[in-house]
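>
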Amino acid sequence: MKVLKSVSMGIGLGLLLSGHVFAAPVDAAHGLTIQQGQFMLNGKPFRIIAGDMHYTRVPREYWRARLKMAKAMGLNTITTYVFWNAHETVPGHYDFSGQNDVAEFIREAQQEGLYVILRPGPYVCSEWDLGGLPAWLLKDRDTRIRSTDPTFMQPAQRWLHRLGQELAPLQYNRGGNIIAVQVENEYGSFGKDNDAYLQQIRKDIVDSGFDASLLYTSDSAPQYGSLPDLPKVINFGVGHAPEKLAKLHTWQPGGPYMVGEYWVGWFDHWGGPHYVIDAAKVANELNGMLKQGYSVSLYMFHGGTSFGWMSGANWDDDSYQPDVTSYDYDSPLDESGRPTPKYYALRKVIAEATGNTPPAVPATPATQAINNIKLDESQSLWDALPAPTASHELKTMEELGESYGDILYRKRIDAAVSGTLHIDGLHDYALVYVNGKRIGTLDRRLKQDSLSVKLAKDDTLDLLVQNDGRINFGEKMVDERKGILGAVTLQGQTLLDWQIYALPFAENESVKVTQGACHHAPCIYHATFNAPASGDANADTFLDTKGLGKGMVWLNGHPLGRFWNIGPQRTLYVPGAWLKASGNQLVVLDLLIEGQPTLHTLKQPMLGTPKQAK
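Counting with mature numbering (1 follows the signal peptide of the UniProt record, and there is no 0), you get residues -23 to -1, 1 to 591 for the letters of the sequence shown.
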């Protein structure tokens, strides 16, 4: 997705239908088809009123409640991406358990009377790390992702075939509720070998068992990324309906006409504002589209949270823009699953346009606040380093088999030198130390890659680099490896012979912390705390990160996500389902703050000062 640009409100387009029928391996009497330029379900006219909600961004314990909310808003369909990198963290090893049980998510949608549009990618964008592609694809620097390069296509094919084992039986024609499957995602904004690549992905999807659903492509670019015999849907934000729907009519003169992603909110970057879009503006434009018969999928109906290291990044205005952890998106259902004024405004519009009275809106439980979470146990990261890898030249995270976290580059200086230290290809945030003392920081967002240093013979130079999220949109993502991609020079001379420490922080809870303050950042803190004796110990809450610097938080083994004191986001969503009445274990990795912080949680999130998106 790209930056929104405002246009005048209003829609002046008629709904055109023709006799064209797209090729689709679906029984016209049973399933979603296209006839006379419109969608048909079981041979009867059908309008898709859908909303995106992603299983990975919502605690499994809350899937059912959120789906009930979708039904109560008047939606008849849930749209979801499938996130390859969540399921295949190690090549050839697939995980569809627990939070990754996408089949169960789809079954629960069916039980709530909702159809599903599946978006398996393999690339999905979605402000998710590398657009859902596994980082290990980038271990070989010659690999060209999202292309017919065999080093990409072969693992992608294996992934789609494995996904088919899970989800192909859940297609509508086979007793399930999947009515349509998207082929790739917004390829018009990326690819050059359009037909060859998309043909191969389409073939792999069909060969994976998705041969009983309507296939389609989705795009927002001036040039669509599609195939001649596949229907197209278009993606755009609020205020763009007139121009974008006119574009869809030129792409697909005979219909059908569907907005595949109607961006009812927007996402936030670290160091930027908290974007919102006026509910009345959204409702007015949606009302116009529905009255003219368009099918629409709201992006997002419920955004949720990019837990752990999974928030992605954009490259825009020639700058790197990492996304915050919250994916609230100013969506109708907020990050913790509570209906907003936008929810009720769109519910009213949908009911009026369809003539259907939706179910009553379910009640939502109260939230809680927890005080005095004392980070009274700690360990300096410097005392917890693993064994290093010796390397003549620098290596990226991916080359060391690491996908997320930090990486430390250590070099002993051979001779005294003063001058400019330059990092070529810093991805993304570096703390620079000499003999364990921090002398500066470099931030890719700010295009910082150099600083002045004064080093003596036998000094130890440390470069601690944190991965702030891989770019998930556009051609920049092809080089989105993490760590240091090029060389480090000092006064123009390349520094060689490094000790490199991979720091994925996958086992933070096993770190041997001791009682007391941390005096040498970065620090790993630990706290044990109880939920309040009164009230519901399993009520949702929001961890206030005020007083912390930059890092990551885990709760009872669940990664809550990144924090950064530059904002806009100041709280991390804490699902009540992940809390216990007593003995909760909180782990905090903080690159910047020393001491013995005390935290608390709030009843409401703090996502930043709102700014209207344009």
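Just so you know, even glycine gets a beta-carbon here, dropped at the ideal spot from N, CA and C.
So what does DSSP say about residue 166, is it helix, strand or coil?
Counting from 1 along the sequence shown, the entry for residue 166 is found at position 189. Three-state DSSP puts residue 166 in a helix.
> Can you name the residues that DSSP bridges to residue 177?
Counted from its first residue, the sequence shown places residue 177 at position 200. DSSP output for residue 177 lists no bridge partner at all.
> Does the Cβ of residue 65 have 16 or more other Cβ atoms within 10 Å, making it buried, or fewer, making it exposed?
Residue numbering aside, residue 65 sits at position 88 when the sequence shown is read from its first letter. Looking at its Cβ environment, which holds 16 or more other Cβ atoms inside 10 Å, residue 65 is buried.
> Rounding to the nearest angstrom, what Cα-Cα distance links residue 39 and residue 436 in this structure?
Indexing the sequence shown from 1 puts residue 39 at position 62. Indexing the sequence shown from 1 puts residue 436 at position 459. The alpha-carbon atoms of residue 39 and residue 436 are separated by roughly 53 Å.
> I need the straight-line Cα distance from residue 212 to residue 87, nearest angstrom please.
As a working mapping, residue 212 is identified with position 235 in the sequence shown. As a working mapping, residue 87 is identified with position 110 in the sequence shown. Approximately 25 Å, taken between the alpha carbons.
> Does residue 315 come out as helix, strand or coil in the three-state DSSP assignment?
Reading the sequence shown from its first residue, position 338 is the one you call residue 315. Looking at residue 315 - three-state DSSP - the assignment turns out to be coil, as it is neither helix nor strand.
> From the DSSP output, read off the bridge partner residues of residue 209.
Locating residue 209 in the sequence shown gives position 232, where the first residue counts as 1. BP columns for residue 209 point to 194.
> Within 10 Å of its beta-carbon, does residue 534 have 16 or more other beta-carbons around it, so buried, or fewer, so exposed?
The sequence position of residue 534 within the sequence shown is 557, counting from 1. So residue 534 counts as exposed.
> With DSSP as the reference, please indicate the residues paired to residue 303 in a beta bridge.
Taking the sequence shown and counting its residues from 1, one reaches residue 303 at position 326. Paired residue(s): 282.
> Could you check whether residue 371 and residue 602 sit closer than 8 Å to each other, using their CB atoms as the reference points?
Because residue 602 is not part of the residues shown, which for the chain are -23 to 591, the question remains open.
> Looking at C-alpha atoms only, which residue of 308, 543, 238, 209 is the closest neighbour of residue 244?
Here residue 244 refers to the residue found at position 267 when the sequence shown is read from its first residue. Nearest of 308, 543, 238, 209 to residue 244, Cα basis: 308.
> Just to confirm, is the Cβ distance from residue 98 to residue 35 under 8 Å?
Here residue 98 is taken as the residue at index 121 of the sequence shown, counted from 1. Here residue 35 is taken as the residue at index 58 of the sequence shown, counted from 1. Taking 8 Å as the Cβ cut-off, residue 98 and residue 35 do not qualify as a contacting pair.
> Can you list, in chain order, the residues of its chain with a C-beta nearer than 6 Å to that of residue 537? Leave out the 5 residues immediately preceding and following it.
In the sequence shown, the residue the question calls residue 537 occupies position 560. So the qualifying residues of the chain are 530, 549.
> Using 8 Å for Cβ pairs, my map puts residue 568 next to residue 498. What's the rounded Cβ distance?
By one-based count along the sequence shown, residue 568 stands at place 591. By one-based count along the sequence shown, residue 498 stands at place 521. That pair is a contact at about 7 Å.
> Do residue 153 and residue 147 have their beta-carbon atoms positioned less than 8 Å apart in this structure?
Mapped onto the sequence shown, residue 147 falls at position 170. Mapped onto the sequence shown, residue 153 falls at position 176. In this structure, residue 153 lies closer than 8 Å to residue 147 by Cβ.
> Grab me the residues of residue 335's own chain with a C-beta within less than 8 Å of its C-beta, minus the 5 sequence neighbours each way, in chain order.
As a working mapping, residue 335 is identified with position 358 in the sequence shown. Same-chain partners within the cutoff: 48, 49, 50, 51, 324, 327, 328.
> Can you tell me where the alpha helix (DSSP H) holding residue 414 begins and where it ends?
Counting from 1 along the sequence shown, the entry for residue 414 is found at position 437. Segment 414 to 420 is the beta strand (DSSP E) holding residue 414; no alpha helix (DSSP H) there.
> On the three-state DSSP scale, how would you describe residue 66?
The count along the sequence shown starts at 1 and reaches residue 66 at position 89. Of the three classes helix, strand and coil, the one that applies to residue 66 here is coil, per DSSP.
> Whole angstroms are fine: how far does the CA of residue 419 sit from the CA of residue 259?
Residue mapping note: residue 259 aligns to position 282 of the sequence shown, counting from 1. Residue mapping note: residue 419 aligns to position 442 of the sequence shown, counting from 1. Approximately 40 Å between the Cα atoms of the pair.
> Assign residue 220 to buried or exposed, taking buried as 16 or more other Cβ atoms, counted over all protein chains shown, within 10 Å of its Cβ.
Position 243 of the sequence shown, counted from the start, is the residue given in the question as residue 220. Looking at its Cβ environment, which holds fewer than 16 other Cβ atoms inside 10 Å, residue 220 is exposed.
> Between 210, 204, 242, 233, which has its C-alpha nearest residue 216's C-alpha?
If you number the sequence shown from 1, residue 216 lands on position 239. Cα-wise, what sits closest to residue 216 is 242.
> Count the CB pairs spanning the stretch 338 to 357 and the stretch 573 to 581 that are closer than 8 Å, and state whether there are at least three.
Segments in contact, yes.
> Just confirm the distance between the C-beta atoms of residue 292 and residue 451, as a whole number of angstroms; I'd bet it's less than 8 Å.
In the sequence shown, counting from the first residue as 1, residue 292 sits at position 315. In the sequence shown, counting from the first residue as 1, residue 451 sits at position 474. Indeed, because the Cβ distance is near 6 Å, the residues count as touching under 8 Å.
> Classify residue 499 as helix, strand or coil using the three-state DSSP reduction.
On the sequence shown, position 522 is the one that residue 499 refers to. Reduced to three states, the DSSP call for residue 499 is coil.
> By how many angstroms is the C-alpha of residue 255 removed from the C-alpha of residue 486?
Position 509 of the sequence shown, counting from 1, holds the residue named residue 486. Position 278 of the sequence shown, counting from 1, holds the residue named residue 255. With a pLDDT of only 47 at residue 486, under 50, the local geometry of the prediction cannot be trusted, and the value read off the model is given with reservation. Roughly 42 Å separates the two Cα atoms.
> Helix or strand or just coil, what does DSSP make of residue 240?
On the sequence shown, position 263 is the one that residue 240 refers to. Strand at residue 240.
> Going along the chain, which residues of its own chain have a beta-carbon closer than 7 Å to the beta-carbon of residue -1, five neighbours each way excluded?
Residue mapping note: residue -1 aligns to position 23 of the sequence shown, counting from 1. Summary for residue -1: the model assigns pLDDT 46, below 50, so the residue's position carries little reliability; its value from the coordinates is reported in the next sentence. Correct list, in chain order: 206.
> Grab the span of the alpha helix (DSSP H) containing residue 476 for me, first residue to last.
Along the sequence shown, one-based indexing puts residue 476 at 499. Residue 476 -> not in any alpha helix (DSSP H); beta strand (DSSP E) instead, spanning 475 to 480.
> Between residue 162 and the rest of its own chain, which residues show a CB-CB distance below 7 Å, the 5 nearest in sequence each way excluded?
The residue given as residue 162 occupies position 185 in the sequence shown. Counting only Cβ-Cβ distances below 7 Å, and skipping sequence neighbours, we find 96, 98, 100, 101, 102, 195.
> Helix, strand or coil, according to DSSP, for residue 522 in the structure here?
Residue numbering aside, residue 522 sits at position 545 when the sequence shown is read from its first letter. The answer is coil: DSSP assigns residue 522 none of H, G, I, E or B.
> Whose C-alpha, out of 250, 289, 477, 278, is nearest the C-alpha of residue 318?
Along the sequence shown, one-based indexing puts residue 318 at 341. Comparing Cα-Cα distances from residue 318 to each of 250, 289, 477, 278, the minimum goes to 278.
> Excluding the 5 residues flanking residue 45 on each side, which residues of the same chain have their C-beta closer than 7 Å to its C-beta?
On the sequence shown, residue 45 is found 68 positions in, with the first residue counted as 1. Here the set comprises 89, 339.
> Among residues of its own chain, excluding the 5 on either side of residue 252, which ones have a beta-carbon nearer than 8 Å to its beta-carbon?
In the sequence shown, residue 252 corresponds to position 275, counting from 1. 242, 243, 244, 245, 307, 587, 588, 589, 590, listed in sequence order.
> Say whether the stretch 197 to 205 touches the stretch 123 to 142, bearing in mind that this needs 3 or more beta-carbon pairs closer than 8 Å, one atom from each stretch.
Not touching, per the Cβ criterion.
> Would you identify the three-state DSSP class for residue 530, choosing helix, strand or coil?
For the purposes of this step, residue 530 is taken as residue 553 along the sequence shown, with counting starting at 1. Of the three classes helix, strand and coil, the one that applies to residue 530 here is strand, per DSSP.
> Run through the DSSP bridge pairs and tell me what residue 439 is partnered with.
Locating residue 439 in the sequence shown gives position 462, where the first residue counts as 1. Partner(s): 387, 410.
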